[in-house]
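If you're matching positions, the sequence shown starts at 1089 in our numbering and goes up one per residue.
Glycine included, each C-beta is placed from N, C-alpha and C at the ideal position.
Here is the structure we will look at, set down as structure tokens.
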Amino acid sequence: MYRIDQLSNAVGQLTGESLEGARQRLGGLQRFDQLIPTASADQALLESVLASALGTADGQTRPFGVREAKPVGENLVLRLERTEDVQALLDLLPYRTQRGSWRGVRGLFVQVADSRLQFGFRTWLYERNWRSLVPTVWVAGPHEDDLAALLAAHEQRLAESRHTAQWDPQCPEPGPKRQPPITRSLVRRLSASYAMGSALLRRPRLWDSLAGCAGVRVETEMSDYGLDWIVERLVSYGHFDDNRLIEVLTDQVVGCSLRLLSHDCGTQECSVRLAPPPAAWGWRGVLTIRSHQAPAGPHLAPHKPRPLTAIGGSLNVSRRSANTRNTEQGDEADKGGSVIRLTKIGRSGAVHRDDLAWVAEQLASVWAAQGLAAAVITTENRSSWRLFRDPGQPTWATASVPNTTEGWRRLRIVPAPGELWSLSASTNDEGAAALVHARRTFDRVFLVGRFEQHLEKAPLNPSTDAHILVHSAEPYERSIQLPAEGGVEGQAVPLTPAESAVHWRQQELGGWTPQRPLTGVLLLGHHNLDEETDEFDRAVEDQLGRYGTRVLGRFPANRPIIVGRRHSPHPPTVLDPETEQPTHAQMVSAANNLASRLWPGTLSVIS
1089 MYRIDQLSNA VGQLTGESLE GARQRLGGLQ RFDQLIPTAS ADQALLESVL ASALGTADGQ
1149 TRPFGVREAK PVGENLVLRL ERTEDVQALL DLLPYRTQRG SWRGVRGLFV QVADSRLQFG
1209 FRTWLYERNW RSLVPTVWVA GPHEDDLAAL LAAHEQRLAE SRHTAQWDPQ CPEPGPKRQP
1269 PITRSLVRRL SASYAMGSAL LRRPRLWDSL AGCAGVRVET EMSDYGLDWI VERLVSYGHF
1329 DDNRLIEVLT DQVVGCSLRL LSHDCGTQEC SVRLAPPPAA WGWRGVLTIR SHQAPAGPHL
1389 APHKPRPLTA IGGSLNVSRR SANTRNTEQG DEADKGGSVI RLTKIGRSGA VHRDDLAWVA
1449 EQLASVWAAQ GLAAAVITTE NRSSWRLFRD PGQPTWATAS VPNTTEGWRR LRIVPAPGEL
1509 WSLSASTNDE GAAALVHARR TFDRVFLVGR FEQHLEKAPL NPSTDAHILV HSAEPYERSI
1569 QLPAEGGVEG QAVPLTPAES AVHWRQQELG GWTPQRPLTG VLLLGHHNLD EETDEFDRAV
1629 EDQLGRYGTR VLGRFPANRP IIVGRRHSPH PPTVLDPETE QPTHAQMVSA ANNLASRLWP
1689 GTLSVIS
């Protein structure tokens, strides 16, 4: 269902990895919902420290001076383009002057590992518990450079100035007795938004994939809510290309999952501001990208945009950003898509809200793989408790990070012409606008959550095309046991299909009244779906249909899904590697059976 070449191309265009290397790394993933991994807190802080130095180096031929940023397990391997960029990292190393004062990033160390330099932190700087991973970044330079000699020469220059190097991991160094001032501690400043610097460093080839790239510089700036990252971007020939830039940075599959704050564009300068989602650790800051027109000159060679596979881009064509689509444009292609709402019985503990969202994603992924544009819209599941303190709030912060509304998000990269998107709608008019836009833009749309207010305010058809109850599959009773009388065991009385159907409705749906008429029921099966239902089961379902409870099909129930750090919040789909349960064949069969029941005149395409 998925195309590993398409996925490796999407990754390599942003990280600089070789296609074979990206293919091997992706082959070890269980989900393809995040192709560029997010670093742990300590690893991201180390990467941000290095990014702060690489972003300010002069004369770079590539953004950050990085040719390749390759994730290896929890760590990172950087291949730099120039010796000067390696020297910029060496200038971060800590040393003590003759007077005993410290210079550089205290706690940072480096050692030679084969032909590369291995950067890390002292344990007193990062070790928070026994499960903490060792943050490590390996740096490789140009092939002809001897990095060991470069490090030795750097140490020799310090020795000639009578300074003492403090970056050897074999020489223990106690931590500072007192916390240094924030203005003198790079690590303390970067701790506010370490995740943002790491995310930029892990996608260095994004910038020269855009049109007219003439140079990139990165700096940080303290604010009243944290630490902002500012990208100064030079472009030639007026090719700001900000729509593709916004779409990548807001993407959650290959991008940074940021949200657009503002986009102000003129003839000579363009400014884009993006903020992180709420309550995200390590993201207390705003990413500002200022694109300036570079002065004309013979030194600026024409730079054409490269296709970005992740957003369906092609050469010299910039696709419109999904987060900035205008829902009121009259020239949009009106697909007249079908809207399907999934619901459950409120008192039932067998099916949870997450189960509805997971089933919707899995069904939509099948149809997207078959070439349709599919979407899943959920209402926000607001928690009843509140944070008394913002996560990761630094001591100097006096305000909250600017908040934005979440827009459409890509769930998976899908082979063309299919698309798979999601949106988390809040409980206001945005939900109604999302429904209008979704019906016009997508072929099939799933709704999960409370949509009564949105459906009433929708200016289009206020009703959904299908209202489906998702319920756990229980076997149809074929007999009932009469109560015992006088110590004699009761007799088992066989049931007819009609009687069994009445019994099932009473046991499973008794006392529950749907707010809208049901189109049918989708059963979540806990048994092997490959087993065909027998004649009795089919007769019971025929009777259920006569009673207004039409069984539209069955869908395989997921194994328990672990939600948390290092685990995907999304279920396995046909756009991910094969799993034991549910299998791709089961999901495809269930989706096709449902489509044949809902739209008998359509022909299902099995990929």
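- Assignment of residue 1509 by DSSP, reduced to helix, strand and coil, places it in the strand class.
- In this model, residue 1663 and residue 1464 are separated by some 15 Å (Cα to Cα).
- For residue 1173, the enclosing alpha helix (DSSP H) covers residues 1171-1178.
- If you check the CB distance, residue 1651 and residue 1442 come in under 9 Å.
- By the neighbour-count definition (other C-beta atoms within 10 Å, threshold 16), residue 1483 is an exposed residue.
- Under the rule that a run must span 3 or more residues, the beta strand (DSSP E) segments found entirely inside the stretch 1421-1465 read 1426-1431.
- CA-to-CA, the gap between residue 1670 and residue 1487 works out to about 46 Å.
- For residue 1496, the three-state secondary structure derived from DSSP is coil.
- In the structure shown, residue 1341 falls within a coil segment according to DSSP collapsed to helix, strand and coil.
- Take residue 1239, set aside five residues on each side of it, and the residues of its chain with a beta-carbon closer than 8 Å to its own are 1178, 1198, 1200, 1205, in chain order.
- In this structure residue 1090 is buried. Its beta-carbon is surrounded by 16 or more other beta-carbon atoms within 10 angstroms.
- Its Cα nearest to that of residue 1572, the residue 1581 stands out among 1565, 1581, 1564.
- Rounded to the nearest angstrom, the gap between the Cα atoms of residue 1613 and residue 1275 is 52 Å.
- A distance of 9 Å or more separates the beta carbons of residue 1433 and residue 1523.
- If you look at residue 1318, you'll find it in the beta strand (DSSP E) that goes 1315-1323.
- Take residue 1350, set aside five residues on each side of it, and the residues of its chain with a beta-carbon closer than 6 Å to its own are 1361, in chain order.
- Under the three-pair Cβ rule at 8 Å, the stretch 1526-1539 does not count as touching the stretch 1359-1378.
- C-alpha of residue 1138 to C-alpha of residue 1180: approximately 8 Å in a straight line.
- Per the coordinates, the alpha-carbon of residue 1511 lies some 12 Å from the alpha-carbon of residue 1537.
- When secondary structure is reduced to three states using DSSP, residue 1310 falls in the strand class.
- Within the same chain, Cβ atoms closer than 6 Å to the Cβ of residue 1555 are found at 1429, 1604, 1606, 1607, the five residues on either side in sequence being excluded.
- Going by C-alpha positions, residue 1395 is about 7 Å away from residue 1297.
- In the structure shown, residue 1555 adopts extended strand secondary structure according to DSSP, grouped into three states.
- Per DSSP, reduced to three states, the secondary structure at residue 1491 is coil, with no helix or strand assignment.
- Non-local beta-carbon contacts of residue 1445 in its own chain, meaning distances under 8 Å to residues more than five positions away in sequence, involve 1464, 1466, 1536 in chain order.
- By the Cβ criterion, the stretch 1266-1284 is not in contact with the stretch 1447-1462, since fewer than three pairs of Cβ atoms, one from each stretch, lie closer than 8 Å.
- Taking each of 1105, 1129, 1500 in turn and checking the Cα distance to residue 1214, the smallest one comes out for 1129.
- Shown here for residue 1454: same chain residues with a beta carbon closer than 7 Å to its own, the five before and five after excluded, namely 1662, 1675, 1676, 1679 in chain order.
- Of all alpha-carbon atoms in 1490, 1175, 1590, 1519, the one lying nearest the alpha-carbon of residue 1314 is that of 1490.
- About 7 Å separates the beta carbons of residue 1500 and residue 1341, which is inside the 8 Å limit, making them a contact pair.
- Non-local beta-carbon contacts of residue 1596 in its own chain, meaning distances under 7 Å to residues more than five positions away in sequence, involve 1559, 1562 in chain order.
- Annotation for residue 1194: 1182 place their beta carbon closer than 6 Å to its own, counting only its chain and skipping 5 residues before and after.
- Here residue 1569 carries a strand assignment [DSSP, helix/strand/coil].
- Counting the other CB atoms within 10 Å of its CB gives residue 1229 a total of 16 or more, which places it among the buried residues.
- Within the stretch 1100-1152, the complete alpha helix (DSSP H) segments of 4 residues or longer fall at 1107-1114, 1129-1142, listed in chain order.
- Runs of beta strand (DSSP E) with 3 or more residues, each lying fully within the stretch 1627-1675, are found at 1639-1644, listed in chain order.
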